Amino acid sequence: MTDREWEGESIVILDFGSQYTQLIARKIRAEKVFSTILPNSANLEEIKASNPVGIVLSGGPANVTETEAPDLAADIFSLGVPILGICYGMQLISIRRGADVDRSDHREFGKTMVSVDTGSPLFRGTPAGQKVWMSHGVRVNTLPAGFEAVAFSEGCPIAAVQNISEMIFGLQFHPEVYHTDHGREILRNFLFTICGCRPVWTSESFADLETARIREKVGDSRVLCAVSGGVDSSVMAVLVDRAVGRQLCPVFVDNGLLRDREAEEVMDLLSEYLTADPVFVDASDEFLKRLDGISDAESKRKVIGKCFIDIFEEQSRIHGPFDFLAQGTLYPDVIESRSTGGPSSTIKSHHNVGGLPENMRFELIEPLALLFKDEVREVGRFLGLPEKQIARHPFPGPGLAVRVPGAIRKPDLDLLRKVDRIFIDGLKRENLYHEVWQAFAVLLPVKSVGVMGDERTYQNAVALRAVTSTDGMTADWARLPYDFLQDVSNEIINRVDGVNRVVYDISSKPPSTIEWE
Ligand code: XMP
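Residue numbering for the sequence shown follows numbering that gives the first Met the number 0, beginning at 0 and increasing consecutively.
Below you can see the structure in the form of structure tokens.
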């Protein structure tokens, strides 16, 4: 849970488990309107606490006609704010208002042409015929009481409904997805014409409000935080620093599993952008000692997580006392901890390092807990962090430990660092770095035969992996140019002693994962 709520007006999205719920929230925020996702089990008090000026009911995988299908816990109709039901949301509104909702004879999936009533405030400014994205097996057969139909398609005579006097709308299709040609205008109509929202959710207003809020909360106390050099923790630290300056104690732990020269680069960045002096802890020997002989991936993660906590605890004793701990928790983690089911709740769980021990009781400050990753980047830009920091590839907490399958030895890490450096420098040189979501090398636990000069060699194989993705949940292998791969492969084999073979990973996620462990 977060320590953070937004005090301004918001659009509340009630989540019925659609894979698109977060996308709806992001599309709304892209219009500079704050949106928050609550589980469909939220009660009226919880909904009111978010200051809703409008409510969106998301789609969902369930069949609305079945008795165990998720329902609305709260009587949202009594709130008197505009409501937009999308797909499952529209079906739910319709059932509640007495319509006949049934399994459709024509399941509709994919791009579909609909005819809309351009007189409807929802469709104002959009063409009478338009392409939309449908995805439903259930359809509304008769009009709910008090509603009129404002769109139809060949397979769906009631593709959108409205009740103007109560300001309740329903769409059978998905305005939030890219394939709905006029989805953006439809959402904007809902936000600005129907709900009367103001576009005030900007990096600047967020950073200003958050700075003031942290300052007020912290007062004269001191704040501890761990920084990893990643985008989230650096934006978080700069934001807290902006609020409380030297009262912040940023701690950077070198776990010996970082990339080539990474520790120096992170320390340089922190020193430049923070008022407070960052604490540097070289704990690489301790991490490597504890990892000695451990080959199972999850065990490695656990050992690394525990070692980090022990070291962090020690640092907090040395530099403390502290009343507050600042963390770079993002909004998707908050939604995950609140979620009540459906596909949107199945977010990666193995990445969360275990919690802090009992004796480390701090009050939490989570300044990014309202933000999606792209918003964190925007705030980072606003705070003046350099683009090369903002656009860095994600790097896993356990670092190179999960890129050396099996037990870890220091010489293997050193070898991998050299390979990784050549690959990443090559991507940057050829302007390919920003084309991919993440790129790295894996040291395979395989030796193979090669020939160099007249000599037979028996050396390591490395795998290069580069993927495209929007959120790391799914990914595809990047189609890097063959010539580039050839050059990088040659450079690695010529320059890194101990490697005589390079392979390129062409698996997508799913069914593979991005990392090898
Ligand atoms: P996978 O391998 O699960 O990775 O497809 C998805 C994204 O998460 C990163 N990752 C991790 N991040 N701790 C982290 O902080 C971890 O243990 C971890 N494992 C994977 C991975 O680099 C990718 O961006």
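For glycine and all other residues, C-beta sits at the position ideal for the given N, C-alpha and C.
Since we're looking at a predicted model, the values are computed, not measured.
- When G59, F122, K110, A41 are compared, the shortest CA-CA separation from L91 is found for G59.
- Measuring C-alpha to C-alpha distances from S152 to each of Q161, L170, S164, P143 identifies L170 as the nearest.
- Not one heavy atom of the ligand XMP sits closer than 7 Å to the Cβ of E335.
- A distance criterion of 7 Å places the beta-carbon of Q437 in contact range of the ligand XMP, judged by its closest non-hydrogen atom.
- Relative to the ligand XMP, the beta carbon of G228 is positioned no closer than 7 Å to any heavy atom.
- The straight-line gap separating the alpha-carbon atoms of S119 and I185 is approximately 10 Å.
- Residue pairing from DSSP places A325 in a beta bridge opposite C224, I364.
- With a 10 Å radius around the Cβ and a threshold of 16 neighbouring Cβ atoms, P509 comes out exposed.
- The residues G53, M166, I193, C194, in chain order, have a CB closer than 6 Å to that of P81 in the same chain once the five nearest residues on each side in sequence are set aside.
- For Y19, the three-state secondary structure derived from DSSP is coil.
- With a cutoff of 8 Å on beta-carbon distance, V502 and A460 are scored as near each other.
- G218 and P320 have their C-alpha atoms spaced approximately 15 Å apart.
- Two segments are said to touch when three or more pairs of C-beta atoms, one from each, lie closer than 8 Å; by this definition the region 356 to 367 does not touch the region 265 to 274.
- Judged by DSSP secondary structure, R212 falls within the alpha helix (DSSP H) whose first and last residues are 202 to 217.
- Using a cutoff of 7 Å, the CB of K508 counts as near the ligand XMP, since one of the ligand's heavy atoms is closer than that.
- M89 and L56 have their C-alpha atoms roughly 8 Å apart.
- Distances taken from the Cβ of P331 to the heavy atoms of the ligand XMP include none shorter than 7 Å.
- Taking C-alpha positions only, Q161 is separated from V375 by approximately 36 Å.
- When the beta-carbon positions are compared, N188 and R95 stay at least 8 Å from each other.
- For Y330, DSSP records no beta bridge to any residue.
- For the ligand XMP, no non-hydrogen atom lies closer than 7 Å to the CB of V403.
- For I513, the shortest separation between its Cβ and any heavy atom of the ligand XMP lies below 7 Å.
- Here DSSP, grouped into helix, strand and coil, assigns F381 to helix.
- G327 has its Cβ no nearer than 7 Å to any heavy atom of the ligand XMP.
- Taking the C-beta atoms as reference points, F76 is found no nearer than 8 Å to N39.
- DSSP, read as helix, strand or coil, puts A477 in coil.
- Nearest C-alpha to V487 among E454, L431, N358, E514: L431.
- M235 and D116 have their C-alpha atoms some 46 Å from each other.
- In this structure, F371 sits away from G425, with a CB-CB distance that is not shorter than 8 Å.
- Of the residues K31, Q21, S114, the one whose Cα lies closest to the Cα of T469 is Q21.
- For R391, the distance from the CB to the nearest heavy atom of the ligand XMP is not below 7 Å.
- D504 carries a coil assignment under DSSP once its states are collapsed to helix, strand and coil.
- Set against 7 Å, the gap from the CB of P249 to the closest heavy atom of the ligand XMP is not smaller.
- Leaving aside the five residues that flank E261 on each side, the residues in its chain whose CB is nearer than 7 Å to its CB run, in chain order, G228.
- G79 sits exposed, since fewer than 16 C-beta atoms from the chains shown fall within 10 Å of its C-beta.
- In the structure shown, I54 falls within a strand segment according to DSSP collapsed to helix, strand and coil.
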